[in-house]
Amino acid sequence: MQPIYTEIKPNKMAEESNNEFHNVVPLQIRFNDVDKFGHVNNTIYFQFYDSGKTDYVSTVCKGFDWDRYAIFVVKIEVEFFAQIKGTDRIAVRTRTAKLGNKSFHLEQEIFDTDTQEVKSRCLSILVLYDLEQKLSMPFPDEWRKAISDYDGVINIEAK
Numbered sequence: 000m001q002p003i004y005t006e007i008k009p010n011k012m013a014e015e016s017n018n019e020f021h022n023v024v025p026l027q028i029r030f031n032d033v034d035k036f037g038h039v040n041n042t043i044y045f046q047f048y049d050s051g052k053t054d055y056v057s058t059v060c061k062g063f064d065w066d067r068y069a070i071f072v073v074k075i076e077v078e079f080f081a082q083i084k085g086t087d088r089i090a091v092r093t094r095t096a097k098l099g100n101k102s103f104h105l106e107q108e109i110f111d112t113d114t115q116e117v118k119s120r121c122l123s124i125l126v127l128y129d130l131e132q133k134l135s136m137p138f139p140d141e142w143r144k145a146i147s148d149y150d151g152v153i154n155i156e157a158k
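Its first residue numbered 0, the sequence shown is counted upward by one per residue in numbering that gives the first Met the number 0.
In C-alpha cells form, the structure reads like this:
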C-alpha cells in the first residue's frame, strides 16, 4: 500500500494548509512522552490526535452526548516528517475532508507553533455509533450542516 501523502513535502504542506484548518488545539508534552533520545515517542502522537478529534467534535457538533454516542476509528494512517523534541511547542489542527452518511474522514496535522513546521500528518476514517441501539447511525442533519459550515466541506455523500 502506498503512503497517502508522498507527493506533499512537509514544509510546503504547512504553507498551503495553515489557513484551511479552523480547529487548532495546543498540546502539552508531558515528561513521560519523551524517550531516552529526547524526542516524543511515536505512540504518543495518537494521543495527540485523539485530543484534536475530541475537541473538534465538541466544538463543531454542539450537544454531542458522549454517553449516548460514540465515534469509532475504523482506519488511521499517520506519516511522520520530523521528530518532536520535549521542548517543542506544538499543536494539532483538525478538519473534515469528507462527510459520508455514517462516516467522516478527518485530516490532522501536528505542527510546531513557533516555526509552523508540520511534524506529522494523520488521516482517519471514523464512524458514528449509537450506544443505546448498538448500531452505526447516520449523522443528524444539524451535525452535517455544522461540519459543512465549519470546514466548508464540499465532498458530502448523499444520504
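Every residue, glycine too, gets a C-beta built ideally from N, C-alpha and C. Everything numeric in this text was worked out from a predicted model, so none of it was measured.
Do you know whose CA, among the options, lies nearest residue i's CA?
{"i": "residue 37", "options": "96, 83, 109 and 113", "result": "83"}
{"i": "residue 118", "options": "31, 41 and 100", "result": "41"}
{"i": "residue 148", "options": "120, 98 and 135", "result": "98"}
{"i": "residue 138", "options": "103, 19, 30 and 57", "result": "103"}
{"i": "residue 48", "options": "23, 30 and 65", "result": "23"}
{"i": "residue 152", "options": "116, 134, 96 and 120", "result": "96"}
{"i": "residue 35", "options": "85, 136, 150 and 65", "result": "85"}
{"i": "residue 25", "options": "45, 64 and 50", "result": "50"}
{"i": "residue 150", "options": "133, 106 and 120", "result": "106"}
{"i": "residue 81", "options": "39, 58 and 46", "result": "39"}
At the level of alpha carbons, what is the spacing between residue i and residue j?
{"i": "residue 143", "j": "residue 52", "result": "16 Å"}
{"i": "residue 62", "j": "residue 74", "result": "25 Å"}
{"i": "residue 141", "j": "residue 122", "result": "24 Å"}
{"i": "residue 60", "j": "residue 77", "result": "25 Å"}
{"i": "residue 79", "j": "residue 100", "result": "30 Å"}
{"i": "residue 43", "j": "residue 145", "result": "30 Å"}
{"i": "residue 88", "j": "residue 27", "result": "8 Å"}
{"i": "residue 20", "j": "residue 125", "result": "18 Å"}
{"i": "residue 135", "j": "residue 32", "result": "34 Å"}
{"i": "residue 115", "j": "residue 56", "result": "24 Å"}
{"i": "residue 120", "j": "residue 45", "result": "11 Å"}
With DSSP as the reference, please indicate the residues paired to residue i in a beta bridge.
{"i": "residue 26", "result": "89"}
{"i": "residue 39", "result": "33"}
{"i": "residue 134", "result": "129"}
task = With a floor of 3 residues, list each beta strand (DSSP E) that falls wholly inside the region 48-127, ordered by position along the chain.
result = Here the runs fully enclosed are 68-79, 89-98 and 102-111.
task = Would you check if the region 84-94 and the region 107-125 touch, i.e. whether three or more CB-CB distances between them fall below 8 Å?
result = Here the region 107-125 makes contact with the region 84-94; the two share three or more CB pairs at distances below 8 Å.
task = Pair every Cβ in the region 67-87 with every Cβ in the region 124-144, then say whether three or more of these pairs are closer than 8 Å.
result = Yes: at least three Cβ pairs fall under 8 Å.
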